Ligand code: LLP
């Protein structure tokens, strides 16, 4: 999101600001790439951002929801996602969550083990409600991303081993209240190299041949999420390359007659729409370094501390000072090097090291960009800090 230097400076910080116009354009871009493919179904991964101000727009665009907890199912239903368009994934579904999902009539369980399948069946039997299940298969496909967000390798905890796929399906088919619906995959997140998705397609093509030999048919193929965003240049690339992404599946995946293709995108839908606004509390001149200590920390955005993620940081106030210079003055500010750090009592509470910024002062408003996905949802109250308020761009610009 681009907040202009003239934006209201009275905003309480730290806070999240969401660019709803950009979200609308992003959803339009998805629609454009899936138009004419009636068997393509895009689900939004609620875990990326569960803010109701965004969910409403996503519901209106006709997307389904990918949930990983009972809480997310509740949030999705409240936001207006039809139960039939909700899929429920997750390696450790609790009994109450399975019960809730069945009672609410969600579309599908993405089942991660035969142990889980048995519990789903036993709860479905108690409730006398049919459970539609897909199996999450671990495709053992490497993804070029941070080790903590790859999920499709054999050593990861997710999914059922490919060699156990047929036995799991047979088991489901023998259960009176279970309907086997299809296969689910998810290889990782923040993937920008389409070769990872190509490798997934190739793997699914192989598995489909195995299914056919066994006389089995998957109504649904769910390829998960994972499309990445440009954290380095959010202004230049506000909308991810949905064309390259969807084309990969259109061209490479060999779907059978009648098969429905499901996607579960999170970050690529909301990532660029969110900015964490924060204010500089102190510019501290250490012996070796200069620190810009800001009022947001790993409590509001944990990605840098947890994954070493880099988010572009802009000093909006310094920009405004430059822009307000009179004609004739040189519109530049001396650049200085800062470590941008938060106030939390952890040495990993660092947003950026050795960052070049225009001369920065106490009170300056900073924008930490591309924070729409896994920002607010991963916020915590560590150090007894309150959760950050959130605004849409409309709300912010309506302020007096
Ligand atoms: N489907 C499944 C089964 C998933 O596990 C995930 C994300 C998604 C879909 C959505 O993936 P996306 O399109 O957002 O890449 N907190 C980390 C990301 C964790 C992703 C977890 N699973 C981060 O901040 O980078």
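In the working numbering, the protein residues as written are 172 to 571. A virtual CB, placed ideally from N, CA and C, is assigned to each residue, including glycine. Computed from a prediction, not measured in an experiment: that's the story for all the values here.
- The alpha-carbon separation between residue 225 and residue 562 amounts to approximately 10 Å.
- When DSSP states are grouped into helix, strand and coil, residue 409 belongs to the coil group.
- Short note on residue 493: C-beta not closer than 7 Å to any heavy atom of the ligand LLP.
- As DSSP reads the structure, residue 537 sits in a beta bridge with 449, 486.
- Shown here, residue 547 sits in a helix according to DSSP, grouped into three states.
- Distances taken from the Cβ of residue 200 to the heavy atoms of the ligand LLP include none shorter than 7 Å.
- Selection 379, 443, 414, 393 evaluated against residue 425 yields 379 as nearest (Cα-Cα).
- Straight across, the Cα-Cα distance linking residue 352 with residue 249 is about 26 Å.
- Between residue 462 and residue 509, the C-beta gap is smaller than 8 Å, which places the two residues in contact.
- With a cutoff of 8 Å on beta-carbon distance, residue 356 and residue 419 are scored as not near each other.
- Pairwise C-beta distances place the region 544-551 in contact with the region 220-235, as three or more of them are shorter than 8 Å.
- When the Cα atoms are used, residue 399 and residue 553 turn out to be separated by approximately 28 Å.
- At the C-beta level, residue 436 and residue 215 come within 8 Å of one another.
- As DSSP reads the structure, residue 529 sits in a beta bridge with 506.
- Relative to the ligand LLP, the beta carbon of residue 436 is positioned inside 7 Å of a heavy atom.
- Apart from sequence neighbours up to five positions away, the residues of its chain that approach residue 506 with a beta-carbon distance below 8 Å are 527, 528, 529, 530, ordered along the chain.
- The secondary-structure analysis by DSSP pairs residue 431 across a beta bridge with 391.
- The C-alpha of residue 481 is placed about 18 Å away from the C-alpha of residue 514.
- Here residue 460 has 510 as same chain residues with Cβ atoms under 6 Å from its own Cβ, once five neighbours each way along the sequence are excluded.
- For residue 561, the secondary structure class from DSSP, reduced to helix, strand or coil, is strand.
- Between residue 236 and residue 198, the gap from beta carbon to beta carbon reaches 8 Å or more.
- Taking every protein chain shown into account, the CB of residue 558 has fewer than 16 other CB atoms within 10 angstroms, so this residue is exposed.
- Taken from the Cβ of residue 284, every heavy atom of the ligand LLP lies 7 Å or farther away.
- With a cut-off of 7 Å, the C-beta of residue 204 is classified as distant from the ligand LLP, since no heavy atom of the ligand falls inside that distance.
- Pairing residue 348 with residue 270 gives a Cβ-Cβ distance that is not under 8 Å.
- In the three-state reduction of the DSSP assignment, residue 356 falls in the coil class, being assigned neither a helical nor a strand state.
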